[in-house]
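J.: The structure's right below; bear with me while I get my questions together.
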Amino acid sequence: MGQCNCRKKRKDCQELTDVERAIETVISQFHCYAVKGQKEYLTPNEMQELVVQKLPHLGKCVGPLEEKIECMGDPNEAKLEFGEYWDMMGDAAKGCRRK
Amino acid sequence: MGECTDLEWAVQVLVNNFDKYSSRCCCCKNPRRISKKDFRKMLSRELNHMLTDTGNRRAADKLICDLDENKDGRISFQEYWTLIGGIASPIAHIIRQQEQSVKLTK
Numbered sequence: 001m002g003q004c005n006c007r008k009k010r011k012d013c014q015e016l017t018d019v020e021r022a023i024e025t026v027i028s029q030f031h032c033y034a035v036k037g038q039k040e041y042l043t044p045n046e047m048q049e050l051v052v053q054k055l056p057h058l059g060k061c062v063g064p065l066e067e068k069i070e071c072m073g074d075p076n077e078a079k080l081e082f083g084e085y086w087d088m089m090g091d092a093a094k095g096c097r098r099k
Numbered sequence: 001m002g003e004c005t006d007l008e009w010a011v012q013v014l015v016n017n018f019d020k021y022s023s024r025c026c027c028c029k030n031p032r033r034i035s036k037k038d039f040r041k042m043l044s045r046e047l048n049h050m051l052t053d054t055g056n057r058r059a060a061d062k063l064i065c066d067l068d069e070n071k072d073g074r075i076s077f078q079e080y081w082t083l084i085g086g087i088a089s090p091i092a093h094i095i096r097q098q099e100q101s102v103k104l105t106k
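Residue numbers (full-length UniProt numbering), protein chains in the order written: chain A, 1 to 99; chain G, 1 to 106.
If you want it as structure tokens, here you go:
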């Protein structure tokens, strides 16, 4: 985990604006951690790893992880899809703005 | 923020982008919002490469269309985030499909 091609950039990257690169980064991090769901969803464990490893400063803005995981239901079945992951990043972003 | 990760950098860029195009309406106590006009400007300046693809362009047009239904006329941070998510989501899907088809052809 984390050893996959997270930092791999697409070759047209140089031309992209910061905003576009930022969006690509958010997507690539999701794909990077969504191993079990083949880039379609994160399991609760994968979500936790992502938040701990990739959001060391903003993780607390996302809220208590245990609660989130519990809300996802059965840990063996639970899936966090891209849209929900994006909303989670939105919470982190709101944390950024408060600073 | 000290040493931030790629992901934290990305979130910060998207936050800064909102602040760049948003303004306060009349009273300084109101939260910042982006006008529709500035939102279009933002899309063409900051997302011009991502939206060159016709499929993506259509998605963006639909997003703006949906905005027009909102009588409020100004875009809050939450709405902005949802809209960018609406652009990111199909792109995430396309990247995934492309990678899968690469695997299949190998």
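By construction, the Cβ of each residue, glycine as well, lies at the ideal position given by its N, Cα and C atoms.
Could you spell out the range, first to last residue, of the alpha helix (DSSP H) harbouring G/Leu86?
T.: Note on identity: in this sequence residue 86 of chain G is Gly, with Leu being the wrong assignment. Counting along the chain, the alpha helix (DSSP H) containing G/Gly86 begins and ends at 77 to 105.
J.: From the DSSP output, which residues share a beta bridge with A/Glu81?
T.: Bridge partners of A/Glu81: A/Tyr41.
J.: What separation, rounded to the nearest whole angstrom, lies between the Cα atoms of A/Gly73 and A/Pro44?
T.: Those two C-alpha atoms are separated by around 9 Å.
J.: Could you give the first and the last residue of the continuous alpha helix (DSSP H) run that contains A/Thr17?
T.: Run containing A/Thr17: none; DSSP gives neither H nor E here.
J.: Along the segment 35 to 46 of chain G, where does the CB come closer than 7 Å to a CB of chain A? Name the residues.
T.: Here the close residues are Glu46.
J.: Quick one: which chain A residues come within Cβ less than 7 Å of G/Asn17?
T.: Under the 7 Å cutoff, chain A gives Val19.
J.: Is G/Gln98 close to chain C, meaning its C-beta is less than 7 Å from at least one C-beta of that chain?
T.: The displayed structure is made up of protein chains A and G, and chain C is not among them.
J.: Over what stretch of residues does the alpha helix (DSSP H) that includes G/Asn48 continue unbroken?
T.: Here G/Asn48 belongs to no alpha helix (DSSP H), and DSSP marks it neither H nor E.
J.: Residues of chain G with a CB under 7 Å from the CB of A/Cys96: which are they?
T.: Neighbours of A/Cys96 on chain G, chain order: Val11, Gln12, Val15.
J.: When we look at the beta-carbon of G/Val15 and count the other beta-carbons within 10 Å, is it buried (16 or more) or exposed?
T.: It counts as buried.
J.: Buried or exposed for A/Ser28, please, with buried defined as at least 16 other CB atoms from any protein chain shown within 10 angstroms of its CB.
T.: The residue is buried, with at least 16 neighbouring Cβ atoms inside 10 Å.
J.: Which whole-angstrom value describes the C-beta separation of A/Thr25 and G/Asp6, a residue pair presumed to lie in contact below a C-beta threshold of 8 Å?
T.: Correct: roughly 5 Å between the Cβ atoms.
J.: Could you name the residues of the same chain whose beta carbon sits closer than 7 Å to that of A/Lys36, not counting the 5 residues immediately before and after it, in chain order?
T.: Around A/Lys36: Thr43, Glu46.
J.: Say whether the segment 79 to 89 of chain A touches the segment 83 to 92 of chain G, bearing in mind that this needs 3 or more beta-carbon pairs closer than 8 Å, one atom from each stretch.
T.: The segment 79 to 89 of chain A, when compared against the segment 83 to 92 of chain G, does touch it at the 8 Å Cβ threshold.
J.: Taking a Cβ distance cut-off of 9 Å, strictly less, list which residues of the segment 40 to 58 of chain A are near chain G, in chain order.
T.: Listed in sequence order: Glu40, Leu50, Gln53, Lys54, Leu55, Pro56, His57, Leu58.
J.: Using a Cβ-Cβ distance cut-off of 7 Å, determine whether G/Ser101 contacts chain A.
T.: By this cut-off, G/Ser101 is not an interface position.
J.: Does DSSP put A/Ser28 in a helix, a strand or coil?
T.: Three-state DSSP puts A/Ser28 in a helix.
J.: To the nearest angstrom, how far is it from the Cα of G/Ser35 to the Cα of A/Thr17?
T.: Between G/Ser35 and A/Thr17, the C-alpha separation is close to 21 Å.
J.: Once you ignore the five residues that flank G/Val102 on each side, which residues in its own chain have a CB closer than 6 Å to its CB?
T.: Excluding sequence neighbours, G/Val102 sits near nothing in its chain.
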